Amino acid sequence: MPVAIASRSLNSRASRDAAVEKQHREITDPTLLALHASIPPHFQQAQHSLANHRKNIVSLHRIHLKVSTIIEPASNGRIRPIGEKVFNEVFIGCLDRVLPIKKGVPNADRICKFVAGYVAYAQEQFRLQARADKAAHKKAAGQNGDDEGDDEGDDEGDDEEDEDTTATRFTSLLLKHLLKGSVSKNKNVRLRCCGCIALLINGLEDLDENMFQTLKSFLLNRARDKESPVRVQAVIALTKLQTADEDDDQDSQEIRQALVETLRFDPSAEVRRAALFNLNPNKHNTPLLLERLRDIDPINRRCVFLGSLSMLLKVQTASLHGAASSQAGPSRLGLDIDAAAEVVRIGMGEREPSVKRAAQKIIIAWFDACAGDLVVFLNQFDVVASKHMEAALLSIFESRPAIVAQVSFDADEFWANLSPSTAFLVRVFVDYFKKTKNHRRLEECLPMVTALAFRIEKEYAELVQLVEAYSAIANTALVPQDEIEIALFTIRNKTFVVSQLLGIALASDYGDEIGRRKMFGLVRDMISDIELPEELVPTCLDVLLKLSNGQRDFMRMIVEIVQVLGGEDEEETLGDYDSDNLDETMSVQDTPLARKKPRKSVKSTPPNNPSRSAVAIVHRRLTIVRAMLERVVGALQENTAFHGLLPQLIAPAVRSKDAPVRELGLVCLGLCCLLDRKLALDSFPLFIDQVQRADGPIKLRAVQAVFDLLINHTIPYLCSRNPAGEEMAKRQIISYLLSLLEDDDAGVQSAACEGMAKLMLTGMVDDDEALKSLVLIYMSPETVDNQELRQCLSYFLPVYCGSSSANQRRLQRVFVSVLQVLTEVYQEKDADQEMVTPIQVGLQLLDWTDPDKVMMRAGNIRDETVHVDVAIELIKGMIATSEEEKDQRKVMCQLLGKLHLPEELQDSKVGEVLLMLTGLRAINPIPAKDTVSRNAVTKFETAFAKAFAQQVEAGVAGVDLTNTAFAGVVEFYDALGIDTNDVADAYKPIKVDIKASRKSTASKNGAASASSSSAAATRKKGRRRGDDSEDEEQDEEEGEQEEEEEEEEGEGEGEEDDD
């Protein structure tokens, strides 16, 4: 919509001329009188298109230049630039017409750009004019210098002296005027003023110190404005006040600090984005920019990849122009190794598709910066520690398929000098070809199985030598620490190379029997070697499983290897163990569920103990058994070879006093129980006992095993031997598991939380108290630092409640009790504890119980009345609250206005709501001084009456309180000692104004036309929400209009005072 600048300016010409006459003598110059008619048309044209801005700027400058020569003598003998003054007044008057216009109007945006463009043009032209005038004056006076160098010196002196020109005075006046508007009560004026200042700063040639400090002070204040669009413009303007060298400028440091705080803590994503774009990416700001990779707004995360990181890369590429393509190190990416690995980890793990594509683009840009060399690219990272480099390489393969076709690994020199990067590259290529079923390229890349076996044997022999050399120097005090660290680093890299070669072996084709036998013997010998690093055990078992003749043969070989590694009596190998208590728990007798005080932590055997090597052997044997159990399926009874390990190795390990051995023994026993139902039934009391007795990692493993067994074998089966009965045992075990949510160990807390979430999602636990406990622990300030628990529940709760209406009903039943508990917790929490407010808690609970968010599947029926029952429970809570609990009541009142009412509702349910509202007015009315709560309840009553006009009009006269539908209401009032019939007699019809009754008629007609359509119900809900939002916007517009009227009245009073 065009902005009426010219007409409004012409209409106000008389008042402005009158004001000028009061302050100065009457203006008679026809040029000045014509400004009110000549300047506004330029603005009028500029608002329609950017294409005519240049023409209008030049035309306006001619007018400005012409009137700037009009002066008059002042009373003190000086000269008054009356032409400039009138031009400035008319120009600013035209600009003022735009300032109150709200955000998003293109015409107003063009006017602001036009003003900024004119200021830049006027400064340049007036400066050139001033220089030309001064040169002509010197020439006429005969003061021209003979030396060219003197002319240049004079020009520089002129530049310093020509600071005060018509343009600088005009710019200074305009800035001061906009700064006044930046503190206006009208948010639109503040927004436009800050936006104009940001545009003007771009065209400013210089600023005097006073104006700079004034601008900085005002903009820093606007950076904390309550309106996010104002903060955006303030941030943009602040960034333009920074100098190039921030380190030596205190003002720039202050501005940078404000931008950093905005980037990290501003609640608006748009404001954070503005700070992100305008914060210079350098070594000081890089950690702050990488923080935004975890921003909750996906656009901001994408901007970090495509904006900040791309800019860092360009700067680094320019600084390394001409460097050799083989250069290794992190400098080619503009990030250090850790930062680059963090970018890859976050980018490749991104769930938002658009953000992940942006991450892939920056990875490809990094690859191009490494001259398209994959090895150089991998050398920029620590491929041993980074777990997401494979995904990064795959993104390069997919975007650059030519590389996949060109790479070859045939050279003997390549295989003879394997590094972590090259070995990783080969393994990723092999897996990629296998995944894409490119068998031709797979055969070209893979070496012969026999050659690969010899290569693995050679690399492993070197690894064993490195381990032996490290063992020789590790216990020597004379060896420098640097040498020990270098030895560990070398072992780490060599271990990684061997693991990648084993991964290649896993993808090889073993049609060659000679090669298969060679690989089989090599891997079996490696597993039998006690010096084999523990991280290689799982990969070796994967290769051995592929080379075996089936699962039974695989288990037989592993059992033989484990028995050979033992080589001595089990009791001597395992050392001392707790025989008093754990022998009993290995039996099938039931274990009580009462929580016991944990025993002291199990201490490991001292390093100088002679039995330490024996314990290390047991630990290795258990590690192999664990890896084997993780790779087999089926009942253990079918694998007779394994039967001897349970009493000979696993059971003694569970009784061991060595903490790592005992922990690993529990893990192995738990895996065995997952494969054998009878063993699980026998061992379940043992795990419960370990949860009660142990602490630390052992307790955590026991808790995880308990939940795994319950999910795999069901609660009724594992409780079938309890003499108290299956139902009682089930309640006891659930109650005990819920008590683990309050454990002091954060790991145990999160494990119990995850386990209960799985049990509830699978339907094994359908207890209301379990859901209540999970919601309370999620909102509690005590778990604010337990991010694992919070992340688990932030996924579980919306999924669980949205999966069915029955689950929403379960949350509805505990809605008020959860709200009351959390409100009390919020009131009693310490000042340094973080917790969401009660109203936010209530809104989150309402969101989880919203019927529109139930996932509709075949056979599911959506319960549209959940929020109606929530309303009934909230009103019950308000009736039962005392004067001391007024904060709870206020929250409940506010939540009533956020409920979603269905399209149709049974008469009995309408009667329940009316009886509860009547009881609220009669038993515990809201005090008159609490206007917020009274208005909220009144709005709910009105909305309810509008939605169900006919039923509300019928009232409660025909309600049959003996009906079972009213049992809950009758029980509630009976508990308060009140007769429900008395409440019904006290009912008064809900008053609805004319406007509301018209709306209710419309909604009634709409309901009659689509009473049985769920789509119509959804549309009606959308309209109801839209009406609410329109009302809020209308209230906001009315409030702004009142503010504007008050400001206009204030201006009018000021003019009268001037008169």
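Numbering-wise (the UniProt record's numbering), the sequence shown opens with residue 1 and increments by one. Virtual Cβ for every residue (Gly too), placed ideally from N, Cα, C. Bear in mind the structure is a predicted one, so any value in this text is a computation, not a measurement.
Look at the Cβ atom of residue i, then the Cβ atom of residue j, and state whether they are nearer than 8 Å.
i	j	result
Gly181	Val189	yes
Val115	Gly203	no
Ala757	Asn786	no
Arg731	Asp768	no
Leu681	Arg721	yes
Arg272	Leu263	yes
Cys672	Leu636	yes
Val825	Ser773	no
Ile624	Val537	yes
Ser933	Arg889	yes
Arg621	Gly566	yes
Ile337	Asp368	no
Met348	Ala385	no
Leu522	Ala453	yes
Glu535	Thr495	yes
Pro287	Val355	no
Gln563	Val632	no
Ser268	Arg231	yes
Name the one or two DSSP bridge partners that residue i has.
i	result
Arg80	Glu72
Since residue i and residue j are thought to touch, with beta carbons under 8 Å apart, how far apart are those beta carbons, to the nearest angstrom?
i	j	result
Ala237	Leu220	Incorrect: roughly 10 Å between the Cβ atoms, too far for contact.
Val90	His36	6 Å
Gln951	Gly877	Contact doesn't hold; Cβ gap of about 24 Å is too wide.
Met555	Asn639	5 Å
residue 1067	Asn285	Since the first residue of the chain shown is 1 and the last is 1059, residue 1067 is not available in this structure.
Leu506	Asp482	No, Leu506 and Asp482 are not in contact; Cβ-Cβ is about 36 Å, not under 8 Å.
Leu306	Leu279	15 Å between Cβ atoms; not a contact.
Out of the options, which one is the CA nearest neighbour of residue i?
i	options	result
Ala752	Asp768, Ser735 and Gly763	Ser735
Gly955	Asp974, Thr962 and Val910	Val910
Gly919	His42, Ile617, Ile861 and Lys988	Lys988
Leu895	Glu903, Glu885, Ala871 and Lys876	Ala871
Val315	Leu636, Trp366, Lys185 and Ala469	Trp366
Val891	Ala461, Thr962, Arg110 and Val818	Val818
Lys113	Ser75, Ala451, His48 and Val703	His48
Arg517	Arg857, Val816, Leu700 and Val449	Val449
Thr762	Asn807, Gly665, Leu776 and Leu789	Asn807
Pro927	Ala949, Leu901, Val959 and Ile879	Ile879
Glu413	Pro100, Gln406 and Thr422	Thr422
Leu128	Gly117, Asp164 and Leu335	Asp164
Pro851	Asp907, Val183, Asn438 and Asp869	Asp869
Gln380	Val343, Arg357, Glu350 and Arg332	Arg332
Arg809	Ser548, Gln213, Asp830 and Glu873	Glu873
Ile839	Asp832, Asp847 and Gln833	Asp847
Gln123	Ile82, Ile57, Gly83 and Arg78	Ile57
residue 1067	Thr28, Ile79, Ala74 and Phe87	No information on residue 1067 is available, as it lies outside the stretch 1 to 1059 that the chain covers here.
Thr28	Gly83, His619 and Glu754	Gly83
His61	Ile92, Tyr121, Leu488 and Pro30	Tyr121
Tell me which residue opens and which closes the alpha helix (DSSP H) that residue i is part of.
i	result
Ala411	No alpha helix (DSSP H) holds Ala411; DSSP gives it neither H nor E.
Asn981	Thr980 to Asp985
Arg292	Note, Arg292: premise wrong, no alpha helix (DSSP H); not H, not E.
Gly521	Glu513 to Ser528
Thr422	Pro420 to Lys435
Ile875	Val866 to Ala880
Val748	Ala746 to Leu761
Asp907	Asp907 to Ile923
Asp850	First-last for Asp850: undefined, no H or E at that position.
Asp133	Pro106 to Ala141
Thr837	Here Thr837 belongs to no alpha helix (DSSP H), and DSSP marks it neither H nor E.
Arg273	Ala269 to Asn278
Gly566	Gln551 to Gly566
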